[in-house]
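Residue numbers (the working numbering): 936 to 1008.
For glycine and all other residues, C-beta sits at the position ideal for the given N, C-alpha and C.
1) Quick check: the Cα distance between residue 951 and residue 944, rounded to an integer number of angstroms?
2) Would a C-beta distance cut-off of 7 Å place residue 964 and residue 940 closer than the cut-off?
3) Should residue 982 and residue 947 be called a contact, given that it needs their Cβ atoms to be closer than 7 Å?
4) Go through the segment 947 to 990 residue by residue and report every complete run of the alpha helix (DSSP H) that reaches 4 residues or more, in order.
5) Return helix, strand or coil for residue 941, following the three-state DSSP convention.
6) My output table needs one value for residue 936: the three-state DSSP class, helix, strand or coil.
Here it is, written out as structure tokens:
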């Protein structure tokens, strides 16, 4: 694996953890650093770090607050 790829993985704790949990990615990253982008996308999908996931979480939180306030009335 290239040094730049290693540094990028080590600098991102979520990416590092995902790689440790899914070790089959080592094979791809050793072949080509191009796979790093795919690894990041898969990690974001699994850990729900995409912008759409964040919006959904905010929406769910607002709905929870709304329902709580309705119960309080």
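With the given structure in hand:
1) Stepping through the chain shown from its first residue, residue 951 is reached at position 16. Stepping through the chain shown from its first residue, residue 944 is reached at position 9. The straight-line gap from Cα to Cα measures roughly 5 Å.
2) By one-based count along the chain shown, residue 964 stands at place 29. By one-based count along the chain shown, residue 940 stands at place 5. In contact: residue 964 and residue 940 (Cβ atoms closer than 7 Å).
3) As a working note, residue 982 is residue 47 in the chain shown. As a working note, residue 947 is residue 12 in the chain shown. Their beta carbons are not under 7 Å apart, which means residue 982 does not touch residue 947 by this criterion.
4) Counting only runs of 4 or more residues that sit fully inside the segment 947 to 990, the alpha helix (DSSP H) segments are 948 to 956, 960 to 966, 970 to 981, in chain order.
5) As a working mapping, residue 941 is identified with position 6 in the chain shown. Of the three classes helix, strand and coil, the one that applies to residue 941 here is helix, per DSSP.
6) As a first step, residue 936 must be located in the chain shown, where it is residue number 1. Coil at residue 936, not helix or strand.
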